[in-house]
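Enquirer: Provided herewith is a single structure, encoded as structure tokens, for subsequent inquiry.
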Amino acid sequence: MPGAPAGAPGDGAAHARTPRLTIGAVLAALRGDFPDVTISKIRFLEGEGLVAPQRTPSGYRKFSRADVDRLRYVLTAQRDHYLPLRVIKEHLDALDRGQPVPGAPSPGAPSPGPAASDPPASGPPADDGGGPDEAPAAAGPMDAAEFARAAGLTPAQLADCVQFGLLAPDAEGRHPAGDLPLARAAAGLARHGIEPRHLRVFRNGAEREAALVESLLAPVLRSRSEDARTRAGEQLAELSALSAQLHRALLEARLRDLLRP
Numbered sequence: 001m002p003g004a005p006a007g008a009p010g011d012g013a014a015h016a017r018t019p020r021l022t023i024g025a026v027l028a029a030l031r032g033d034f035p036d037v038t039i040s041k042i043r044f045l046e047g048e049g050l051v052a053p054q055r056t057p058s059g060y061r062k063f064s065r066a067d068v069d070r071l072r073y074v075l076t077a078q079r080d081h082y083l084p085l086r087v088i089k090e091h092l093d094a095l096d097r098g099q100p101v102p103g104a105p106s107p108g109a110p111s112p113g114p115a116a117s118d119p120p121a122s123g124p125p126a127d128d129g130g131g132p133d134e135a136p137a138a139a140g141p142m143d144a145a146e147f148a149r150a151a152g153l154t155p156a157q158l159a160d161c162v163q164f165g166l167l168a169p170d171a172e173g174r175h176p177a178g179d180l181p182l183a184r185a186a187a188g189l190a191r192h193g194i195e196p197r198h199l200r201v202f203r204n205g206a207e208r209e210a211a212l213v214e215s216l217l218a219p220v221l222r223s224r225s226e227d228a229r230t231r232a233g234e235q236l237a238e239l240s241a242l243s244a245q246l247h248r249a250l251l252e253a254r255l256r257d258l259l260r261p
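As structure tokens, this is what we get:
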């Protein structure tokens, strides 16, 4: 089962408590570790009293990093330990009161900390692309050699990724750290003989999906209203997650067909 908080909060505790994240940003932070999580799931967990984000005057949710840690704790307890929400809520209530959680804690498991005070500081989850070097989550742009090393690409493979439109360096030839998940996926596929030149089909498919989503949300995206754009951001995050889920399900179903006699 998930463990209790490791100790007193660090200097970033106040930052961790500041509600600044939209529900779409929370979804983006969680879905790397929990691909099936959706905005509807986050709202459901809120309705069950497991997390309590603040609300803006217009009613939009604003989450803190501590809220994200709390959601990560809940999702981990469900996925890895099959605990019902009732039991998870009891554990969270115990942690909020500073009491030990029943059962044997798992070393290294995520700890949510109290919902409203003194949560441990935490950063966004690390990329899971299998590269040999992990870049810090807040790293700035990297030169080509550093980026290739972090992604597990050879210089030639990185050049191919740029040539075939998978990656786009800036005017100084640097790559944003945010492109590392894509680059690491390309490196993993290359180890199976799928080179960057073969990946144009993925890029073209993603561009068509993005065009479809843009056509659906175009009126909201053109709005100057902060609330409307916040709502559009939430919809974009959920549509992105659902699109990825659909793509994975379709691909896995097709690949299963290859194994049938």
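Throughout the sequence shown, residue numbering follows my numbering, covering 1 to 261 in sequence.
Cβ atoms here follow ideal geometry from the backbone N, Cα and C, with glycine treated the same way.
Is Arg-55 helix, strand or coil by DSSP?
Expert: By one-based count along the sequence shown, residue 55 stands at place 55. Of the three classes helix, strand and coil, the one that applies to Arg-55 here is strand, per DSSP.
Enquirer: Tell me which residues share the same chain as Ser-58 and place their Cβ nearer than 7 Å to its Cβ, disregarding the 5 neighbours each side in the sequence.
Expert: By one-based count along the sequence shown, residue 58 stands at place 58. Excluding sequence neighbours, Ser-58 sits near Asp-227.
Enquirer: Name the DSSP bridge partner or partners of Phe-63?
Expert: For this step, residue 63 is matched to residue 63 along the sequence shown. According to DSSP, Phe-63 bridges with Leu-21.
Enquirer: Within a Cβ cutoff of 6 Å, which residues of the same chain sit near Ile-88, ignoring the five residues on either side of it in sequence?
Expert: Residue numbering aside, residue 88 sits at position 88 when the sequence shown is read from its first letter. Counting only Cβ-Cβ distances below 6 Å, and skipping sequence neighbours, we find Val-74, Ala-77.
Enquirer: His-175 bridges to which residues according to DSSP?
Expert: For this step, residue 175 is matched to residue 175 along the sequence shown. DSSP, once it has assigned bridges, lists Met-142 as partnering His-175.
Enquirer: Among residues of its own chain, excluding the 5 on either side of Arg-79, which ones have a beta-carbon nearer than 6 Å to its beta-carbon?
Expert: Against the sequence shown, residue 79 aligns to sequence position 79. There are no such residues.
Enquirer: Should Pro-181 be listed as close to the ligand MN, given that the test is whether its C-beta is under 8 Å from any heavy atom?
Expert: No copy of the ligand MN occurs in the structure displayed, which carries no ligand at all.
Enquirer: Just to confirm before moving on: does the CB-CB distance between Val-26 and Ala-241 stay below 9 Å?
Expert: One-based indexing of the sequence shown puts residue 26 at position 26. One-based indexing of the sequence shown puts residue 241 at position 241. Not in contact: Val-26 and Ala-241 (Cβ atoms no closer than 9 Å).
Enquirer: At which residues does the alpha helix (DSSP H) containing Thr-38 begin and terminate?
Expert: As a working note, residue 38 is residue 38 in the sequence shown. Counting along the chain, Thr-38 falls outside any alpha helix (DSSP H), and DSSP gives it neither H nor E.
Enquirer: Out of Glu-172, Ala-171, Gln-157, Ile-39, point me to the one whose CA is closest to Leu-182's CA.
Expert: The sequence position of residue 182 within the sequence shown is 182, counting from 1. Measuring from the Cα of Leu-182, the nearest candidate turns out to be Gln-157.
Enquirer: Between the C-alpha atoms of Ala-187 and Val-213, what's the straight-line distance to the nearest angstrom?
Expert: Residue 187 sits at position 187 when you count from the first residue of the sequence shown. Residue 213 sits at position 213 when you count from the first residue of the sequence shown. The alpha-carbon atoms of Ala-187 and Val-213 are separated by roughly 28 Å.
Enquirer: Look up Pro-125 in the DSSP assignment and say whether it is helix, strand or coil.
Expert: The residue you call residue 125 lines up with position 125 of the sequence shown. Interpretation of Pro-125 is limited by its pLDDT of 36, a score under 50 that renders its predicted location unreliable; no figure is taken from the coordinates.
Enquirer: Are the stretch 189-203 and the stretch 171-178 touching by the rule of at least three beta carbon pairs closer than 8 Å?
Expert: No, the stretch 189-203 does not touch the stretch 171-178.
Enquirer: Over the uninterrupted alpha helix (DSSP H) stretch that includes Asp-93, give me the two end residues.
Expert: In the sequence shown, residue 93 corresponds to position 93, counting from 1. Start and end: 85-96.
Enquirer: How close, in whole Å, do the beta carbons of Ala-237 and Ala-28 come, if the pair is a contact with beta carbons under 8 Å?
Expert: Along the sequence shown, one-based indexing puts residue 237 at 237. Along the sequence shown, one-based indexing puts residue 28 at 28. Confirmed, Cβ separation roughly 6 Å.
Enquirer: Within the same chain, show all residues whose beta-carbon is closer than 8 Å to that of Val-220, passing over the 5 residues directly before and after it, in chain order.
Expert: Residue numbering aside, residue 220 sits at position 220 when the sequence shown is read from its first letter. Here the set comprises Ala-228, Arg-229, Arg-231, Ala-232, Gln-235.
Enquirer: For Arg-31, which residues in the same chain have their Cβ closer than 7 Å to its Cβ, ignoring the five residues on either side in sequence?
Expert: One-based indexing of the sequence shown puts residue 31 at position 31. Only Val-37, Ala-241 meet the Cβ criterion.
Enquirer: Going by other Cβ atoms of all chains shown within 10 Å of its Cβ, with 16 needed for buried, is His-192 buried or exposed?
Expert: Counting from one through the sequence shown, the residue named residue 192 turns up at place 192. Exposed, since its Cβ has fewer than 16 Cβ neighbours within 10 Å.
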